[in-house]
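Chemist:
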Amino acid sequence: DNNGSERAIRNIKVKQKISGQFKSPGGADVFAIIRSVVDTTIKAGQNVVFALSLISKQGY
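Numbering (the numbering used here), first residue to last: -15 to 44.
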């Protein structure tokens, strides 16, 4: 699904437009991980806050 891929990339481009850039490669990686979890959780119809709390407890 090309539209799904384009929607996923859109979030990254909006972030770059608002802040101008990612401050570090690590920051970009963390943003990508969090964005991926949020998008996947929404797609699965699950609770986003719960999913993010689980990964924060894992130390990511």
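Idealized CB from N, CA, C, for every residue including glycine.
These numbers come from a predicted model, not from an experiment.
Report yes if the CB atom of Ala35 is closer than 7 angstroms to the CB atom of Thr25, and no otherwise.
Modeler: Taking 7 angstroms as the Cβ cut-off, Ala35 and Thr25 qualify as a contacting pair.
Chemist: Do Val14 and Val22 count as a contact pair if the criterion is CB distance below 7 angstroms?
Modeler: For Val22 and Val14, no; Cβs fall outside 7 angstroms.
Chemist: I need the straight-line Cα distance from Ile18 to Gln30, nearest angstrom please.
Modeler: Approximately 15 angstroms, taken between the alpha carbons.
Chemist: In whole angstroms, give me the CA-to-CA distance for Gly43 and Arg(-9).
Modeler: Rounded to the nearest angstrom, the two C-alpha atoms are 28 angstroms apart.
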